[in-house]
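Peer 1: Below is the structure I would like to discuss, written out as structure tokens.
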Amino acid sequence: MTSSRTPPLLYPDFSSILNRNSVWAIETKMYNILTAYLQTPDSQPTPTASILCSLSPTIRQDEDSTGKEHPESFLWELWDLIYRLAEQIPFTHPAHQKLVDIIAAICVLGSEPGGSFGAEIMSCNPDIMTQALSERLVQLHSDSVLRSNDFDRWESLNGLAARLTALGLCARLSDAVIAISKALERTGLSKGNGVNEEVQLEAEMRVMARYVALCGGAVYNIVGDKSFQGGNPWRGERGVARQRWEFWLEKLTGMLRNDSLGDGIRRLAGEAFQGMYRAEQEQDYAANNNARRAFASRNSAAIH
């Protein structure tokens, strides 16, 4: 019999980055608040976000007010902790979506002038939020291959970035392009890392499929935008050219027809292909509708 109780989260392993005896007390409080929220099925994001905001140095009542950190330092620590937690939560776990919900609540509370936690008290500062996420992604994965024990963390953190991009809370389209590039544009994987190449490819495909499913339409919208270079293997026209989009579709089609690939990779290729095809159809339908409305409007103006 399976328990319906939400699986508990593991406490972040601070020992690898900090002396356990010197962990900042406010960070520990933030951790306790966040994990209690994540592990309680009926917990609500807005009240929890309010409690987190109350720890901001601009409103927190410390015995020694002279020793308070700068508000931006507080935000760096908060976002970094949130992203470290995200790495530990499987993408499909309900707590992953709950983390997205509380990020959205923090952003709302931190950007409402005149609210109980107005901008002068707890500014969300989207730049810090985005930069902190970039730093965590870079720490997990450079241009080299992933280590096998980082596969799940990589999927979870990129899945969070994809969810936030889909909601418009941050713009990680360059990460989406890089993820697609890493999965589909390589001619081969690096050797000597102790990881089976197909396992490596499946890990990259999982991340790519998350981005395509959640924000494939946004990626399709930048087709033709030469400012999006993401992904080193690509040697064709600069940016996300139509040629590159078509290449991705062709590569996915080839994977679907390749019987030598494992079922997991082919399933992910199918999901990604459907996501990209759906993005094309939806965006082209919207563009055609807009064109028809503009044409009708011009005709109406001409008649009257």
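Residue numbers (the numbering used here): 8 to 311. Each residue gets a CB set at the ideal place from its N, CA and C atoms; glycine is no exception.
1) For Ala276 and Arg251, what's the separation of their Cα atoms in angstroms?
2) Using the Cβ count rule (16 or more neighbours within 10 Å means buried), how would you classify Ile66?
3) Compute the Euclidean distance between the alpha carbons of Leu171 and Gly269, then round it to the nearest angstrom.
4) With H, G and I counted as helix, E and B as strand and the rest as coil, what does DSSP make of Ala279?
5) When we look at the beta-carbon of Gly166 and count the other beta-carbons within 10 Å, is it buried (16 or more) or exposed?
6) Output the boundary residues of the alpha helix (DSSP H) element that contains Ala173.
7) Mind checking whether the beta-carbon of Trp83 lies closer than 8 Å to any heavy atom of the ligand MG?
8) To the nearest angstrom, how far is it from the Cα of Leu221 to the Cα of Ala43?
9) Would Ala190 be called buried (16 or more neighbouring beta carbons within 10 Å of its own) or exposed?
10) Quick one: Cα of Glu253 to Cα of Glu76, how far?
11) Exposed or buried, which one is Ala32 when buried takes at least 16 other CB atoms within 10 Å?
12) On a Cα-Cα basis, can you pick out the residue from Asp49, Ser63, Thr53 and Ala286 that is closest to Asn228?
13) Does the Cβ of Glu162 have 16 or more other Cβ atoms within 10 Å, making it buried, or fewer, making it exposed?
14) In whole angstroms, give me the CA-to-CA distance for Met37 and Ala210.
15) State the Cα-Cα distance for the pair Phe98 and Arg264, rounded to the nearest angstrom.
16) Quick check for students: name the residue ranges of the beta strand (DSSP E) that lie wholly in the region 26-57, counting only runs of 3 or more.
17) From Thr55 to Gln288, what distance separates their C-alpha atoms?
18) On the criterion of 16 or more Cβ atoms from any shown chain inside 10 Å, does Arg217 qualify as buried, or is it exposed?
19) Closest to Ile187 by C-alpha separation, out of Val247, Ile40 and Lys105, would be which residue?
20) Expressed to the nearest angstrom, what Euclidean distance is found between the alpha-carbon atoms of Phe81 and Gln46?
21) Mind listing, in chain order, the continuous alpha helix (DSSP H) runs of no fewer than 4 residues lying wholly within the region 89-122?
22) Tell me whether Tyr90 is buried or exposed, calling it buried when 16 or more other Cβ atoms sit within 10 Å of its Cβ.
23) Val184 to Val226, Cα distance in whole Å?
24) Which class does Ser267 belong to by DSSP, given the choice of helix, strand or coil?
25) Residues in the same chain with beta-carbon distance under 7 Å from Arg213, minus the five sequence neighbours each way, listed in chain order, please.
26) Under 8 Å Cβ to Cβ from Arg273, same chain only, skipping five residues before and after it: list those, please.
27) So the candidates are Glu257, Glu204, Ala173 and Lys105; which of them puts its Cα closest to the Cα of Ala279?
28) Under the assumption that Leu116 contacts Leu106 (Cβ atoms under 8 Å), give the Cβ distance between them as a whole number of angstroms.
29) With Ser141 as the anchor, note down where its alpha helix (DSSP H) starts and where it stops.
30) For the putative contact between Gln290 and Gly231, defined by C-beta atoms under 8 Å, what is the C-beta separation to the nearest angstrom?
31) What's the call for Asp182, buried or exposed, on a 16-neighbour Cβ count within 10 Å?
Peer 2: Taking the geometry as given:
1) 17 Å
2) exposed
3) 30 Å
4) helix
5) buried
6) Phe158 to Ala173
7) Because no ligand of any kind appears in the structure shown, any question about the ligand MG cannot be addressed here.
8) 27 Å
9) buried
10) 50 Å
11) exposed
12) Ala286
13) buried
14) 31 Å
15) 28 Å
16) none
17) 39 Å
18) buried
19) Val247
20) 24 Å
21) 101-116
22) buried
23) 7 Å
24) coil
25) Glu162 and Leu275
26) Met262, Leu263 and Asn265
27) Glu257
28) At roughly 16 Å, the Cβ-Cβ gap does not stay under 8 Å, so Leu116 and Leu106 are not in contact.
29) Pro133 to Leu147
30) About 12 Å separates the two Cβ atoms, so there is no contact after all.
31) buried
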